[in-house]
Structures are given as structure tokens and as C-alpha cells.
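Structure, rendered in C-alpha cells:
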């Protein structure tokens, strides 16, 4: 996944976490005809917020002082989903940090 996305190798833990997250919501157990998420929670998972691992995205700069002529968004790489809230984890190339946000274009 990291090589295909041309991503830095220090993000291998994010790749493993994202693979587990998507696998738990997509693999059908032949014995039960349900996903592991359905077996644990009793309802079907919401798949509308899935994105391609390593895709370019543009998180908005809502936490910084954004002036009139400053860019409103940065270039980032999508790396996964937040474990505690419904947000995306994005590697911001400009600041070189991983941010969790729901404001992504």
C-alpha cells in the first residue's frame, strides 16, 4: 500500500490500521453472510465515507491564521480514519504532520 501510494515509509502503522479498518467492514463471513462489523454491532457499516488509501486531498486550514492572500487548503495524502471520531487522518505535506479533520476536498 505504501509503495503504491508513493508514501513515506514511516507511515507503515497508518497503512496497517487502515487495512484492518477496511477489512472489518468489507469481508463477508461465509458462515454468517455478514461482515465482522455487522456481527459486533448488529447493523451494516456506513461505507459512504471510504476513500482510496494514498489519494491526494486538500484539508482546509481552519486552525491557522488564514489571511486574505493565504491558501485556504494544503496538499495532503489520505492515510486512514480516526479511531475515536468520524474523521479522516491526513498527512499534511507542508507541515509534515498527521492531522485529523472532517473538512477535506
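Numbering (our numbering), first residue to last: 37 to 141. No residue lacks a Cβ here, since even glycine has one placed at the ideal position from N, Cα and C.
Closest option to residue 51, judged by alpha-carbon separation, among 94, 114, 102: 114. Residue 141 and residue 88 have their C-alpha atoms spaced approximately 13 Å apart. Of 134, 130, 60, the smallest CA-CA separation from residue 80 is found for 60. Three or more beta-carbon pairs separated by less than 8 Å link the stretch 95-113 to the stretch 129-141, which places the two stretches in contact. Residue pairing from DSSP leaves residue 74 without any beta-bridge partner. Counting only runs that start and end inside the stretch 47-120, the beta strand (DSSP E) elements of at least 3 residues fall at 112-117.
Distance check between residue 92 and each of 67, 110, 120 places 110 closest, using alpha-carbon atoms only. Annotation for residue 122: no residue places its beta carbon closer than 6 Å to its own, counting only its chain and skipping 5 residues before and after. Spatial neighbours of residue 37 in its own chain (CB-CB distance under 6 Å, excluding positions within 5 residues in sequence) are listed in chain order as 51, 89. A Cβ-Cβ distance of about 12 Å is found for the pair residue 54 and residue 127, leaving them out of contact under the 8 Å criterion.
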